[in-house]
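Encoded as structure tokens, the structure appears first; notes follow it.
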Amino acid sequence: MDSAGRGRTAAVVVLLLASFMDLMDNTIVNVALPSMERSLHTTAAQLEWVVSGYVLAFAAMLIAGGRLGDMVGRRTVFVVGTAGFTLASLWAGLSTSGAELVAVRIAQGLFAGAMVPQVLGTVQALYPPEKRAGVYGIAGAVTGVAAVAGPLLGGAFVSGDVFGLGWRAIFLVNVPVGVLVLIGALALVPQTKADHPLSLHVLGTVLAAGGVVALVYPLIEGRQAGWPWWTVLLFVLAPVLLAAFVLHERGRARGGHALLLPLRLFADRGFSAGLIVQLSFQASVIGFLFVLSITVQSGFGFSAWRAGLVVLPFSIAAAFTSGAAAALVAKAGKALVGLGALLQAIGTGWSIEVVAGGSHPTVAGLIGPMAVAGAGLGLVVVPLTDVVLAAVPTDDAGSASGTLSTFQQVGGALGIAIVGTVFFDSVTSGRDLGDAFGVAAWLVVGLGLLAAFAALLLPHARPTPAVPSTGD
Numbered sequence: 064m065d066s067a068g069r070g071r072t073a074a075v076v077v078l079l080l081a082s083f084m085d086l087m088d089n090t091i092v093n094v095a096l097p098s099m100e101r102s103l104h105t106t107a108a109q110l111e112w113v114v115s116g117y118v119l120a121f122a123a124m125l126i127a128g129g130r131l132g133d134m135v136g137r138r139t140v141f142v143v144g145t146a147g148f149t150l151a152s153l154w155a156g157l158s159t160s161g162a163e164l165v166a167v168r169i170a171q172g173l174f175a176g177a178m179v180p181q182v183l184g185t186v187q188a189l190y191p192p193e194k195r196a197g198v199y200g201i202a203g204a205v206t207g208v209a210a211v212a213g214p215l216l217g218g219a220f221v222s223g224d225v226f227g228l229g230w231r232a233i234f235l236v237n238v239p240v241g242v243l244v245l246i247g248a249l250a251l252v253p254q255t256k257a258d259h260p261l262s263l264h265v266l267g268t269v270l271a272a273g274g275v276v277a278l279v280y281p282l283i284e285g286r287q288a289g290w291p292w293w294t295v296l297l298f299v300l301a302p303v304l305l306a307a308f309v310l311h312e313r314g315r316a317r318g319g320h321a322l323l324l325p326l327r328l329f330a331d332r333g334f335s336a337g338l339i340v341q342l343s344f345q346a347s348v349i350g351f352l353f354v355l356s357i358t359v360q361s362g363f364g365f366s367a368w369r370a371g372l373v374v375l376p377f378s379i380a381a382a383f384t385s386g387a388a389a390a391l392v393a394k395a396g397k398a399l400v401g402l403g404a405l406l407q408a409i410g411t412g413w414s415i416e417v418v419a420g421g422s423h424p425t426v427a428g429l430i431g432p433m434a435v436a437g438a439g440l441g442l443v444v445v446p447l448t449d450v451v452l453a454a455v456p457t458d459d460a461g462s463a464s465g466t467l468s469t470f471q472q473v474g475g476a477l478g479i480a481i482v483g484t485v486f487f488d489s490v491t492s493g494r495d496l497g498d499a500f501g502v503a504a505w506l507v508v509g510l511g512l513l514a515a516f517a518a519l520l521l522p523h524a525r526p527t528p529a530v531p532s533t534g535d
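Taking the numbering used here, the leading residue of the sequence shown gets 64, the next gets one more, and so forth.
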């Protein structure tokens with residue numbers, strides 16, 4: 064490997080470490096919520112906001128984060144986002160009230176939304192299309208491991224009371240990692256930006272972010288609030304704001320102005336189908352893990368540590384199949400995505416047999432279902448990213464990756480909201496937690512099958528490299 068190749072590899076390591084830190088922080092919180100409640104005397108609403116505040120802020124900022132990197136430089140935005148995320152993590156670990164922790168989690172989400180889009184955007188700028196699949200394979204493995212290892216480490220921190228910190232350790236662990244990422248970014252990550260002058264228009268950002276928030280907020284908060292009138296209003300407002308955003312972008316395109324999101328991307332069937340797969344598949348995965356964690360802890364007495372062990376086979380299988388998929392994506396990307404979505408659905412269906420119907424699940428009994436579902440995750444993440452982003456012009460790399468990540472977050476929020484609503488409504492109607500899990504899990508199976516169907520619309524192979532954009 065020449066010096067340029069080594070430099071790119073070092074930069075990717077730094078970028079993926081930041082991505083790992085964000086994903087871990089996003090998934091590690093759930094198992095620590097009861098400990099936070101006891102320590103800070105939080106209300107139920109504040110506990111909800113510890114999770115949903117991060118998701119909403121992250122999803123909203125991702126829309127603008129990618130374009131900011133394209134405009135002012137991806138390394139610059141990455142460094143600012145990482146520094147803010149690290150400081151917010153320190154503050155979260157030192158919080159003394161529920162309200163304070165909620166505010167810091169929202170700040171964490173905003174800074175993460177600036178940091179994360181720069182990862183794939185920088186990879187797009189550093190590597191030619193024919194060399195990106197291997198990088199995406201590594202990124203997919205990191206995603207698969209981090210997204211499901213969070214509960215395991217969270218359980219270890221909480222149950223082990225590391226250094227007497229309890230739940231605070233899940234945030235404070237980000238501080239040394241964040242400092243390391245900052246040093247690495249300043250020393251190893253090159254500055255990249257779009258080849259043509261770009262601008263960030265405020266109105267478009269507000270419309271797009273407002274549409275996302277108007278959709279996600281009532282889905283997260285509506286059930287607990289009893290679905291009052293304002294939830295209906297927000298559901299109506301969400302498509303109105305998003306439609307206004309599209310019309311605004313079209314007007315700017317006709318005037319020759321820079322766009323927040325190049326609408327021509329949606330004319331590509333592979334890109335649009337990939338977004339549908341991302342939305343439905345992420346909803347299935349995140350919704351499944353959410354209700355499973357609650358079921359085994361609250362319904363069957365698992366400790367935080369044992370609940371974390373349940374997802375270990377998922378993590379290992381996801382890491383293994385991510386690497387295998389990277390080697391096959393150029394020839395079988397479409398087939399891998401469809402197969403992965405089917406495996407996720409099969410694994411979820413198998414878990415119903417283990418958990419529901421009066422069964423008493425064990426960690427050992429869930430190894431098979433979790434491994435099958437995790438294998439599905441690995442087969443989807445790598446090919447999907449490669450197919451969706453391979454034909455995107457370099458100028459649009461940040462915006463496209465930001466859109467893909469936004470759909471990932473919105474999909475996760477939809478999964479928690481919709482699957483969680485079905486689960487809790489089943490409990491309220493008199494079912495025990497095991498049977499309620501079964502009802503919710505069948506919805507997860509349906510979401511996985513929807514993702515598999517949408518995968519049929521993806522290209523059969525990785526698209527041929529596209530030339531840089533010359534404008535809309």
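We put the beta carbon where it would ideally sit given N, CA and C, even for glycine. In this text the structure is predicted, and so the values were computed from the model without any measurement.
The C-alpha of residue 85 is placed about 30 Å away from the C-alpha of residue 516.
Between residue 218 and residue 354, the gap from beta carbon to beta carbon reaches 8 Å or more.
In terms of CA proximity to residue 349, 209 leads the group 307, 385, 209. For residue 381, the closest C-alpha among the options 442, 401, 410, 429 is that of 442. DSSP assignment within the region 99 to 139 yields the following whole alpha helix (DSSP H) runs of 4 residues or more, N-terminal first: 107 to 135.
Per DSSP, the continuous alpha helix (DSSP H) segment holding residue 237 begins and ends at 237 to 251. Nearest to residue 325 by C-alpha distance, out of 230, 267, 401, 447, is 267.
Taking one beta carbon from each stretch, the region 272 to 286 and the region 479 to 488 have 3 or more pairs nearer than 8 Å; the two touch. Note that the C-beta distance between residue 152 and residue 238 is below 8 Å. Fewer than three Cβ pairs drawn from the region 310 to 320 and the region 333 to 341 lie within less than 8 Å of each other, which leaves the two stretches out of contact. Between the region 405 to 417 and the region 425 to 439, the count of C-beta pairs closer than 8 Å reaches three or more; the two stretches touch. The Cβ atoms of residue 124 and residue 176 lie closer than 8 Å to each other. Contact between the region 98 to 115 and the region 139 to 149 is absent: fewer than three C-beta pairs spanning the two stretches fall below 8 Å.
Judged by beta-carbon spacing, residue 514 lies beyond the 8 Å limit of residue 279, meaning their Cβ atoms are not closer than that value. When 463, 374, 304, 294 are compared, the shortest CA-CA separation from residue 440 is found for 374. Between residue 360 and residue 367, the alpha-carbon positions lie close to 7 Å from each other. Its chain contains 254, 255, 256 as the residues whose beta carbon lies nearer than 8 Å to that of residue 136, once the 5 sequence neighbours on both sides are disregarded; these appear in chain order. Nearest neighbour of residue 344 by Cα position, chosen from 510, 154, 319, 127, turns out to be 510. The C-beta distance from residue 520 to residue 400 rounds to 10 Å, too long to fall under 8 Å, and the pair is not in contact. Under the three-state reduction of DSSP output, residue 354 falls in the helix class. Judged by their CB atoms, residue 148 and residue 247 are not nearer to each other than the 8 Å cut-off.
Membership of residue 293 in the alpha helix (DSSP H) is indicated by the continuous run 292 to 317.
The shortest C-alpha to C-alpha distance from residue 274 to any of 250, 308, 258 is the one to 308.
If you draw a straight line from the Cα of residue 199 to the Cα of residue 449, it comes to about 7 Å.
Collapsing the DSSP output to three states places residue 425 in coil. Straight-line measurement puts the Cα of residue 229 at about 41 Å from the Cα of residue 134. Per DSSP, reduced to three states, the secondary structure at residue 72 is helical. Take residue 397, set aside five residues on each side of it, and the residues of its chain with a beta-carbon closer than 8 Å to its own are 446, 450, 518, 519, 521, 522, 523, 524, in chain order. At least 8 Å separates the beta-carbon of residue 205 from that of residue 351. Per DSSP, residue 280 is one residue of the alpha helix (DSSP H) stretching across 265 to 288. Taking 8 Å as the cut-off, the Cβ atoms of residue 159 and residue 78 do not count as close. The beta carbon of residue 358 lies closer than 7 Å to those of 418, 496, 497, 500 in the same chain, with the five residues before and after it left out.
Taking the Cβ atoms as the reference, residue 103 lies roughly 7 Å from residue 164, within the contact range of under 8 Å.
Taking each of 481, 132, 472, 72 in turn and checking the Cα distance to residue 251, the smallest one comes out for 72. Taking C-beta atoms under 8 Å as the contact rule, residue 282 and residue 91 fail to qualify, at a distance of about 22 Å. Of the candidates 264, 119, 377, 392, the residue whose Cα lies closest to the Cα of residue 320 is 264.
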